[in-house]
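So the protein sequences, as listed, match chains A and B. Here our numbering is used: the first residue of the first sequence is 14, the next is one more, and so on. Here our numbering is used: the first residue of the second sequence is 60, the next is one more, and so on. Okay, so here's the structure we're looking at.
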Amino acid sequence: MNGAEAILEALAREGVEVIFGVPGGANMPLYDAMYTRPRFKHVLGRHEQGSIHAAEGYAGSSGRTGVVFATSGPGALNLVTGLADALMDSVPLVAITGQVSRAAVGTDAFQEADVTGVTMPVTKHNYLVQDVDEIPRIVKEAFLIASTGRPGPVLIDVPKDVQLEEFSGDFDVQPDLPGYKPTVKGHPRQLEKALAALGRARRPVMMVGGGGHDAADFLRHFAEKSRIPVITTLKGLGVLPGNHSQVLGMPGMHGTVAANRALQHADLILAIGMRFDDRITGNIEKFAPDVETIVHVDIDPAEIGKVVRTAIPIVGDARWVAERLAQTAKPLDISDWWDRIHEWQQRHPLPTPERDRLSSQEVIRAFWEATGGDAFVTTGVGQHQMFAAQFWKPNRPRSFITSGGLGTMGFGLPAAIGVQVAHPDATVINFDGDGSFQMTLQELATLFKYRLPVKTVLLNNGYLGMVRQWQDLFNEKRYAEVHLEDSNPDFAKLADAFGVRGFTVEKREDLVEAVKETLVHPGPVLAEFRVFHEEGVFPMIPAGGSAEDMIIENPREVQQ
Amino acid sequence: MRHVVSVLVEDHPRVLTRITALFARRGFNIESLAVGRTHMPGLSRISIVVLGDDRMIEQVEKQLNKLIEVIKVTDHSEPHVEREMALVKVRTEGVEERLQIKEIVEAFRARPVDVGRTSSTYEVTGDPGKIEGFIAGLEAYGVLEVMRTGAVAMSRGEAILRPRLKKEAV
């Protein structure tokens with residue numbers, strides 16, 4: 014057995030079933046070992062960035078650790094964006110990269126890059142394997158680190174000669190991580206304090222983030238027993254069903270009026286598995302001005318107190334804490350508070366302006382109505398992403414997969430590949446924009462190769478729309494370098510060239526039929542919807558503003 | 060504010076880079092850094108002196124705790140001792156100057172480690188303020204070279220920086 018075979022054996026022992034990746038000179042031994050003894054499903058990407066986003070989609074939608082292979086130098090460097098994305102959004106990944114042989118490391122050899130150096134700030138941890146017999150321990154540690162505590166990406170860089178060297182180590186090894194012991198159990202006294210504060214609160218809200226998905230059953234139980242209003246962050250969408258009567262929607266820059274007003278007036282915020290990102294808080298001085306008590310539950314102690322002053326910190330696993338909350342919850346006497354919230358909800362539903370052309374919002378809503386929300390959704394980044402976050406109401410945890418912290422355009426299509434691989438029988442819809450889509454569209458070939466029936470719903474507004482919206486609002490409509498329509502490809506023909514069913518929809522009367530066609534076609538589809546060009550995402554809290562500054566409807570149209 | 064931070068780490072390649080990168084990312088200039096092995100096999104100890112906003116330093120400490128190879132971190136805000144050593148090479152030309160330098164050396168309890176015809180080198184130990192005082196005292200005679208080790212620090216009393224069975228970090 015050589016080093017490459019030892020890596021595959023170690024992966025098999027971790028229960029790995031799927032590997033995303035691209036071969037190259039420095040990881041050929043790994044691919045040779047897979048060819049000789051196939052035991053994993055390998056999904057060949059067309060670019061390493063596509064492969065790592067696919068691994069993120071796989072991990073995000075299943076909760077399992079995603080695995081990605083890439084070769085040295087350019088191959089590994091193409092993973093960097095995905096690693097940073099996974100670190101920001103706490104996605105468990107193990108990346109295994111080929112490296113030039115040990116003797117050539119540090120000599121500017123062909124396809125050499127200092128990959129452990131470059132990826133240090135974008136991984137939870139990384140390794141350079143110097144000794145073939147260390148492989149079992151390193152792989153075991155990598156999976157442990159990636160999947161426990163606050164999950165994140167771990168990279169293992171393996172020189173080619175180590176992959177080829179004879180292995181004489183032992184697979185029955187223990188991790189050796191004296192400095193790594195995540196705190197799972199929250200402090201019982203802190204929990205008591207939190208419950209007492211909750212009992213006293215008149216205007217409480219619970220705000221749940223991406224850390225809440227694995228605690229969803231307990232959180233729902235707690236919410237329903239206590240009747241507390243629930244806000245789900247972008248990464249927390251689906252922890253409770255989006256159309257649940259207690260869910261106020263997303264907070265922050267493009268959040269609902271009800272969610273932002275509730276935060277503005279709340280006296281207690283129970284924050285679970287979220288990190289008070291600047292897109293949520295806006296101007297931190299003016300965030301939640303009436304709040305008396307913030308209870309912050311997070312497994313990462315570095316997140317507590319980082320942004321907001323926290324009265325009751327609880328370091329621990331959301332599931333562990335939620336289970337105790339659910340056990341002890343009592344109905345809160347907050348009917349006045351709910352009256353105010355209901356009023357905000359009724360007065361300010363999400364704006365759906367009437368357009369001559371199709372609007373992104375109505376397209377997303379049509380898909381939601383056609384599926385009943387029973388689908389996995391991925392998105393790119395930009396206006397279409399925010400519309401999807403507003404109008405798609407996920408039914409289940411881990412069913413809305415999007416790039417939150419890093420905001421990586423081009424995330425949607427490759428992520429959808431990973432979601433579909435993890436859930437072969439599910440409906441997977443990638444809501445994408447014309448700008449985002451073109452950043453990773455080569456992965457249409459991957460859809461075709463594996464006959465993955467991903468439905469890409471391309472909301473084509475002919476612009477880098479979110480930048481255009483900011484230029485409209487803040488730069489007096491100086492539309493600098495955002496115009497795409499003059500040079501966009503014919504998306505239907507493009508899809509056709511990749512063997513993917515493609516068509517274009519322009520008229521409202523064709524919408525329902527097009528949605529049906531997209532969903533019933535047995536293979537992959539690229540459905541291009543030509544939507545209103547100058548749509549804006551509202552409500553909007555301008556960067557650095559607060560809920561007081563919330564722009565509820567497009568000011569250009571209010572003036573007219 | 061000035062902070063003295065001690066970090067107990069696994070003795071692995073790149074550990075130092077991981078640690079300094081957390082300061083560099085936030086634009087902190089590390090004033091001094093001293094590293095050495097401990098009595099515990101495989102564990103090294105680092106003392107870092109850094110100037111910075113208290114909240115930011117607190118965040119850096121939390122981030123240090125998150126590093127997999129970091130065993131424990133302490134910010135020496137409690138009573139502690141700090142020591143630093145320096146080698147100072149100074150011009151020693153006239154007889155009169157030599158006598159004056161000798162007086163300064165004695166006052167600071169420094170020791171000559173190399174004596175030449177035109178220059179001598181002294182070893183001085185103490186807290187960073189004393190080192191600076193010594194160098195300033197010699198300035199008038201012509202300081203040719205200075206090498207400081209950076210502060211090493213330790214808490215007074217019972218507080219001990221050692222591995223715990225349970226570490227509250229991710």
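We put the beta carbon where it would ideally sit given N, CA and C, even for glycine.
Is the CB of isoleucine 158/A under 8 Å away from at least one CB in chain B? Within the first sequence, residue 158/A is the residue found at index 145, counting from 1. Chain B, which has a Cβ nearer than 8 Å to the Cβ of isoleucine 158/A, makes this yes.
Between histidine 138/A and chain B, is there a C-beta pair that is closer than 8 Å? If you number the first sequence from 1, residue 138/A lands on position 125. Interface residue, yes.
Please list, in chain order, the chain A residues whose beta carbon lies closer than 8 Å to that of valine 94/B. Stepping through the second sequence from its first residue, residue 94/B is reached at position 35. Within chain A, no residue comes near valine 94/B; the closest Cβ sits about 16 Å away, beyond 8 Å.
Given that a residue counts as buried once 16 or more other Cβ atoms are within 10 Å of its Cβ, and exposed if not, what is aspartate 170/A? The count along the first sequence starts at 1 and reaches residue 170/A at position 157. When all chains shown are included, aspartate 170/A counts as buried.
Extent of the continuous alpha helix (DSSP H) run through alanine 212/B: Position 153 of the second sequence, counted from the first residue, corresponds to residue 212/B. Where alanine 212/B is concerned, there is no enclosing alpha helix (DSSP H), although the beta strand (DSSP E) it sits in stretches over 211-214.
Hey, does glycine 418/A have any beta-carbon neighbour from chain C nearer than 8 Å? Given the protein chain composition of this structure (A and B), no chain C is represented.
Starting from the beta carbon of threonine 294/A, find every residue of chain B whose beta carbon is closer than 7 Å, and list them in chain order. In the first sequence, the residue the question calls residue 294/A occupies position 281. Result: empty, since nearest Cβ-Cβ is about 16 Å, beyond 7 Å.
Whose C-alpha, out of His355/A, His534/A and Ser500/A, is nearest the C-alpha of phenylalanine 516/A? Translated into the one-based positions of the first sequence, residue 516/A becomes position 503. Comparing Cα-Cα distances from phenylalanine 516/A to each of His355/A, His534/A and Ser500/A, the minimum goes to His534/A.
DSSP three-state call for alanine 159/A: helix, strand or coil? The residue given as residue 159/A occupies position 146 in the first sequence. Note: alanine 159/A maps to helix in three-state DSSP.
I'd like to know if methionine 2/A contacts chain B, where contact means its C-beta is closer than 8 Å to some C-beta of that chain. Lying before the first or after the last residue shown, residue 2/A is absent from chain A, which here runs from 14 to 573.
Let's test the definition: count the other Cβ atoms within 10 Å of the Cβ of glutamine 359/A and tell me whether it reaches 16, buried, or not, exposed. Residue mapping note: residue 359/A aligns to position 346 of the first sequence, counting from 1. In this structure glutamine 359/A is exposed. Its beta-carbon is surrounded by fewer than 16 other beta-carbon atoms within 10 angstroms.
Considering aspartate 174/A, what are the terminal residues of the alpha helix (DSSP H) in which it resides? Start at 1 with the first residue of the first sequence, and residue 174/A comes out as number 161. Counted as a single uninterrupted DSSP element, the alpha helix (DSSP H) harbouring aspartate 174/A occupies residues 173-177.
Please report the Cβ distance between valine 104/A and glutamate 69/A, rounded to the nearest whole angstrom; I am assuming they are in contact, meaning their Cβ atoms lie under 8 Å. Here residue 104/A corresponds to residue number 91 of the first sequence, with the count starting at 1. Here residue 69/A corresponds to residue number 56 of the first sequence, with the count starting at 1. Going by Cβ atoms, the distance from valine 104/A to glutamate 69/A rounds to 5 Å, so yes, they are a contact pair.
With a threshold of 16 other CB atoms inside 10 Å of the CB of leucine 110/B, please say whether the residue is buried or exposed. Counting from 1 along the second sequence, the entry for residue 110/B is found at position 51. By the neighbour-count rule (16 or more Cβ atoms within 10 Å), leucine 110/B is not buried but exposed.
So, using beta-carbon positions, are glycine 255/A and proline 407/A closer together than 8 Å? Stepping through the first sequence from its first residue, residue 255/A is reached at position 242. Stepping through the first sequence from its first residue, residue 407/A is reached at position 394. A contact, by the Cβ cut-off of 8 Å.
Looking only at DSSP bridge pairs, what is arginine 207/B linked to? The residue labelled residue 207/B in the question sits at position 148 within the second sequence. DSSP lists Ala145/B as the bridge partner or partners of arginine 207/B.
Here's a check: name, in chain order, each residue in its chain whose Cβ is nearer than 8 Å to the Cβ of aspartate 445/A, leaving out the five neighbours to either side. Here the question's residue 445/A lines up with position 432 in the first sequence. Shown here for aspartate 445/A: same chain residues with a beta carbon closer than 8 Å to its own, the five before and five after excluded, namely Thr392, Gly393, His397, Gly425, Leu426, Thr469, Val470, Leu471 and Leu472 in chain order.
Are the region 43-53 of chain A and the region 203-213 of chain A touching, with three or more C-beta to C-beta distances below 8 Å? The region 43-53 of chain A vs the region 203-213 of chain A: no contact.
Tell me the start and end of each unbroken beta strand (DSSP E) in the region 387-457 of chain A that is at least 3 residues and wholly inside, in chain order. Those beta strand (DSSP E) runs which fall completely within the region 387-457 of chain A and span 3+ residues are 389-392 and 441-446.
Residue-level contact to chain A via CB, threonine 76/B, 8 Å cutoff: Mapped onto the second sequence, residue 76/B falls at position 17. At least one chain A Cβ lies under 8 Å of threonine 76/B.
N- and C-terminal bounds of the alpha helix (DSSP H) containing threonine 49/A: For the purposes of this step, residue 49/A is identified with residue 36 of the first sequence, where counting begins at 1. Note, threonine 49/A: alpha helix (DSSP H), 41-49.
Out of Gly86/B, Ala93/B, Val129/B and Leu220/B, which has the shortest C-alpha to C-alpha gap to alanine 210/B? The count along the second sequence starts at 1 and reaches residue 210/B at position 151. Selected option, being the one with the closest Cα: Ala93/B.
Check the Cβ-Cβ distances between tyrosine 193/A and every residue of chain B, and say whether any is below 8 Å. Taking the first residue of the first sequence as position 1, residue 193/A is located at position 180. Interface with chain B (8 Å Cβ-Cβ cutoff): tyrosine 193/A is included.
Taking only three categories from DSSP, how would you classify lysine 54/A? Position 41 of the first sequence, counted from the first residue, corresponds to residue 54/A. The answer is strand: DSSP assigns lysine 54/A an E or B state.
Three or more C-beta pairs closer than 8 Å, one from the region 326-333 of chain A and one from the region 499-512 of chain A: is that the case here? Using a Cβ-Cβ distance cut-off of 8 Å, the region 326-333 of chain A and the region 499-512 of chain A are not in contact, since fewer than three pairs of beta carbons, one from each stretch, lie closer than that value.
Alanine 284/A and phenylalanine 184/A look like a contact to me (Cβ under 8 Å); what is the Cβ gap, rounded to whole Å? As a position in the first sequence, residue 284/A is number 271, starting the count at 1. As a position in the first sequence, residue 184/A is number 171, starting the count at 1. Rounded, the Cβ-Cβ distance is 42 Å, inconsistent with contact.
C-beta neighbour in chain A for glutamine 122/B, strict 8 Å: The residue given as residue 122/B occupies position 63 in the second sequence. Chain A, which has a Cβ nearer than 8 Å to the Cβ of glutamine 122/B, makes this yes.
Alpha helix (DSSP H) segment containing histidine 546/A, residue limits: One-based indexing of the first sequence puts residue 546/A at position 533. No alpha helix (DSSP H) holds histidine 546/A; DSSP gives it neither H nor E.
Provide the residue span of the alpha helix (DSSP H) that contains lysine 121/B, from first to last. Within the second sequence, the letter at position 62 stands for residue 121/B. Here the alpha helix (DSSP H) through lysine 121/B covers 113-125.
With a 10 Å radius around its C-beta and 16 neighbouring C-beta atoms as the bar for buried, classify arginine 274/A as buried or exposed. Here residue 274/A is taken as the residue at index 261 of the first sequence, counted from 1. With a threshold of 16 other beta carbon atoms within 10 Å, arginine 274/A meets it and is buried.
Beta-carbon of isoleucine 127/B versus every beta-carbon of chain A: anything under 8 Å? For the purposes of this step, residue 127/B is taken as residue 68 along the second sequence, with counting starting at 1. With its beta carbon less than 8 Å from one in chain A, isoleucine 127/B belongs to the interface.
Would you call histidine 309/A buried or exposed, if buried means 16 or more other Cβ atoms sit within 10 Å of its Cβ? Position 296 of the first sequence, counted from the first residue, corresponds to residue 309/A. With 16 or more other Cβ atoms within 10 Å, it is buried.
Taking just the CA atoms, how far does proline 466/A sit from valine 538/A? Position 525 of the first sequence, counted from the start, is the residue given in the question as residue 538/A. Position 453 of the first sequence, counted from the start, is the residue given in the question as residue 466/A. So the two alpha carbons sit approximately 7 Å from each other.
Based on the DSSP secondary-structure assignment, which residues constitute the bridge partners of methionine 11/A? The structure shown does not extend to residue 11/A, since chain A is modelled only from 14 through 573, so no value can be given for it.
Rounded C-alpha distance that separates valine 164/B from phenylalanine 193/B: The sequence position of residue 164/B within the second sequence is 105, counting from 1. The sequence position of residue 193/B within the second sequence is 134, counting from 1. Looking at the backbone, the Cα of valine 164/B and that of phenylalanine 193/B are separated by about 8 Å.
Going by the CB atoms, is the gap between leucine 100/A and threonine 136/A shorter than 8 Å? Taking the first sequence and counting its residues from 1, one reaches residue 136/A at position 123. Taking the first sequence and counting its residues from 1, one reaches residue 100/A at position 87. In this structure, threonine 136/A sits near leucine 100/A, with a CB-CB distance shorter than 8 Å.
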